[in-house]
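Residue numbers for the sequence shown follow UniProt numbering, so the first one is 1 and each next one is one higher.
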Amino acid sequence: MSIDLRLEQLRSVEADILCPSDPIQTFPDGWVRAAELTEYDWFKMTIRQISASPPVEEPQYEFKRVLRKMPNRRVHRNAPVQVPDRRSVRVANAARRMANPPVQEQNGEASPEDVQQDPRLRTLSPTDLPGVHAVPKKFNQYFRGLLAPGLFYVKSKTQYLGPFNEMPTENIVPAGDNYVVLQRMGQLPDSGKSIFRQVGTLST
């Protein structure tokens, strides 16, 4: 058999496989040709929700129920609870201490409890600690001036009167002017400016 004849046979077999003369012989069983479908069949195929692939088989596991073994329940008795008597043990311990006194008493030495201790166990004032100093009184006056309300002042468009220790009245200020009564409330520590608040008005 020549090579050319063998090639022709292979080509004919390949042509039959790729383009068979009768397509029915390679059509799968159970399938329907599209040319044979009606319009209603096409409509059913478009709206169906059933998947073409078969459902996935989920593995099923066998569960075995295990019962936990519980201990036996305690039986409650009606008899009262027996409390051990510790009195005999305390008496025996006291007798043993009296028979064997501590070593300090045998040697004539005083016990640690009898040694007189310093009654001042802690400092009474923070200034007794090292590096702690008391704040001078002038600082207290300075802080009091920053926080506590102070003297009164009277201010108009042309005059600035004060300070007054008490709330000024119309008899103190000059007549013929309108005044605003201010009270010094403090002082800003950074700039030193005073803070005032208006507490009243005067008209003379």
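Backbone N, C-alpha and C define an ideal beta-carbon position, used for all residues, glycine too.
Only a predicted model underlies this, so the values are computations on that prediction, with no experimental measurement involved.
Member of the options whose CA lies at the smallest distance from the CA of residue i
| i | options | result |
| --- | --- | --- |
| Gly176 | Arg6, Ser156, Ile47 | Ser156 |
| Thr204 | Val66, Thr38, Val154, Pro189 | Val154 |
| Arg197 | Gly162, Arg65, Arg184 | Arg184 |
| Phe139 | Asn100, Pro174, Pro189 | Pro189 |
C-alpha gap between residue i and residue j, whole angstroms
| i | j | result |
| --- | --- | --- |
| Tyr142 | Pro168 | 25 angstroms |
| Leu10 | Leu18 | 12 angstroms |
| Gly131 | Ala94 | 52 angstroms |
| Ala15 | Leu5 | 15 angstroms |
| Arg33 | Tyr40 | 15 angstroms |
| His133 | Ile172 | 46 angstroms |
| residue 233 | Glu8 | Nothing can be reported for residue 233, as the shown portion of the chain is limited to 1 through 204. |
| Gly38 | Arg65 | The identity of residue 38 in the sequence shown is Thr, whereas the question assumes Gly. Rounded to the nearest angstrom, the two C-alpha atoms are 56 angstroms apart. |
| residue 206 | Gly150 | For residue 206 there is no data in the structure shown, the boundaries of the chain being 1 and 204. |
| Asp128 | Lys137 | 18 angstroms |
| Ser88 | Arg97 | 14 angstroms |
| Leu67 | Lys44 | 54 angstroms |
| Glu36 | Ser2 | 47 angstroms |
| Asn100 | Asp85 | 24 angstroms |
| Asn165 | Ile195 | 17 angstroms |
| Thr158 | Val199 | 19 angstroms |
| Gly30 | Lys69 | 59 angstroms |
Same chain only: Cβ atoms within 8 angstroms of residue i, ignoring 5 sequence neighbours per side
| i | result |
| --- | --- |
| Lys193 | Gln187 |
| Thr201 | Asn178, Tyr179, Val180, Val181 |
| Tyr160 | Tyr153, Val154 |
| Ser191 | none |
Chain E contact for residue i (CB, 8 angstroms cutoff)
| i | result |
| --- | --- |
| Gln187 | Of the protein chains in the structure, only one exists, and it is not chain E. |
For residue i: DSSP bridge partner residues
| i | result |
| --- | --- |
| Arg197 | Gln183 |
| Leu161 | Val154 |
| Leu202 | Tyr179 |
Beta-carbon proximity list for residue i, same chain, < 7 angstroms, skipping 5 on both sides
| i | result |
| --- | --- |
| Gly162 | Leu151, Phe152, Tyr153, Val154 |
| Val13 | none |
Proximal residues to residue i (C-beta, below 6 angstroms), its chain only, five neighbours per side dropped
| i | result |
| --- | --- |
| Pro174 | none |
| Pro126 | Val132 |
| Glu170 | Leu202, Thr204 |
| Trp42 | none |
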